Amino acid sequence: MEKTWKPGVAGLIDIISGVLWIIGAAFLSMVVLGFMVVFGPGEAEQAFWLTLAGISLPGILAIAGGICSLRRRNWLLAMVGAVCVTPLGAGIAALILTVRSKDEFS
1 MEKTWKPGVA GLIDIISGVL WIIGAAFLSM VVLGFMVVFG PGEAEQAFWL
51 TLAGISLPGI LAIAGGICSL RRRNWLLAMV GAVCVTPLGA GIAALILTVR
101 SKDEFS
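Going by this note's numbering, the sequence shown opens with residue 1, and the numbers climb by one from there.
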């Protein structure tokens, strides 16, 4: 089995996109927190953590998939990571590279 550059590049794209996704989720959660301050501190804090957890999940999966892609392990998780960041645009390239390099995963 020949090792190519495709899984490594796909993994880097996944990890970078996942980090950007989490930063965006944190920013969006802060915006939600700003709007929810009107309703009281307990509800605002709960809304902040729920929003952050819900929106950050694709970013976390993308980082995990990127690590799997760099290590050439668990092709399915690498695919899930690439699919999770597809809305960012660069995830499309990661998805194509991950699909084309399926034979390199163990």
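Note that CB positions come from ideal geometry on N, CA and C, so glycine has one too.
Every value quoted in this text rests on a predicted model; they were computed, and no experiment measured them.
Residues near residue i in its chain [Cβ-Cβ closer than 7 Å; skip 5 each side]
i: A82; result: A10, D14, G65, G91, A94, L95, T98
Simplified DSSP state of residue i, which is helix, strand or coil
i: R100; result: helix
i: V19; result: helix
i: F27; result: helix
i: V9; result: helix
i: E45; result: helix
i: T4; result: coil
i: R72; result: coil
Candidates the options, of which the one nearest residue i by Cα
i: L88; options: R71, A47, I23; result: I23
i: I139; options: E45, G18, L70; result: The question about residue 139 has no answer here: the residues shown for the chain are numbered 1 through 106.
i: L57; options: K3, V31, Q46, L20; result: L20
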